[in-house]
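Numbering (the working numbering), first residue to last: 745 to 897.
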């Protein structure tokens, strides 16, 4: 007869238990996409991933859109078209853009809007720039680099 623990019990004691709580999943997703979780960033870690961590206050759940990053992207990449729209609609240019975005996503779908862009009055907005080929012009590479990817909890 064998004294002590059997090999199964011994191996089971060395296995780490997974954290299956929702917060652990959220942290794992942030860590993978951003290089650090919100909690790690608050403790002084440095994000190194291709995604930015979004602020919950900036997130519009109705549109599933980080408004702050959306306006930043349009201002940075398409300021001429944005200025054109602001001139013709100084009071409600943001509502006009988000209203058209919502309407077009509901009628055509998100992929269509991402691929074809967003026409609003006399302006046309790209909502993302596709990955360039190695032989693409520098402007195409710059546009792709201007994309803003974020994750918000």
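Just so it is clear, CB atoms sit at the ideal spot from N, CA and C, and this is done for glycine as well.
Go ahead and label residue 823 buried or exposed: buried means 16 or more other beta carbons lie within 10 angstroms of its beta carbon, across all protein chains shown.
-> exposed
Terminal residues of the alpha helix (DSSP H) in which residue 862 lies = Where residue 862 is concerned, there is no enclosing alpha helix (DSSP H), although the beta strand (DSSP E) it sits in stretches over 862-864.
How close, in whole Å, do the beta carbons of residue 811 and residue 802 come, if the pair is a contact with beta carbons under 8 Å?
-> 6 Å
Name the DSSP bridge partner or partners of residue 895?
-> 797
In terms of residue numbering, what span does the alpha helix (DSSP H) encompassing residue 885 cover?
-> 882-889
Note the first and the last residue of the continuous alpha helix (DSSP H) segment covering residue 832.
-> 823-832
Which residues in the same chain as residue 775 place their Cβ atom closer than 6 Å to its Cβ, once the five residues preceding and following it in sequence are excluded?
-> Apart from the 5 residues on each side of it in sequence, residue 775 sits with its Cβ closer than 6 Å to the Cβ of 781 in its chain, given in chain order.
Does DSSP put residue 868 in a helix, a strand or coil?
-> Here DSSP, grouped into helix, strand and coil, assigns residue 868 to strand.
DSSP state of residue 723 mapped onto helix, strand, coil = Because the chain here runs from 745 to 897, residue 723 falls outside it and cannot be looked at.
Closest by C-alpha distance to residue 887, when choosing among 875, 865, 856 and 895 = The candidate whose alpha carbon is nearest that of residue 887 is 875.
Which residues bound the alpha helix (DSSP H) around residue 845?
-> 837-852
Per-residue burial, residue 893 [other beta carbons within 10 Å of its own, 16 or more giving buried] = exposed
Could you check the C-alpha separation between residue 791 and residue 785 for me, to the nearest Å?
-> 7 Å
Put residue 807 into one of helix, strand or coil per three-state DSSP.
-> coil
In three-state terms, what does DSSP make of residue 782?
-> helix
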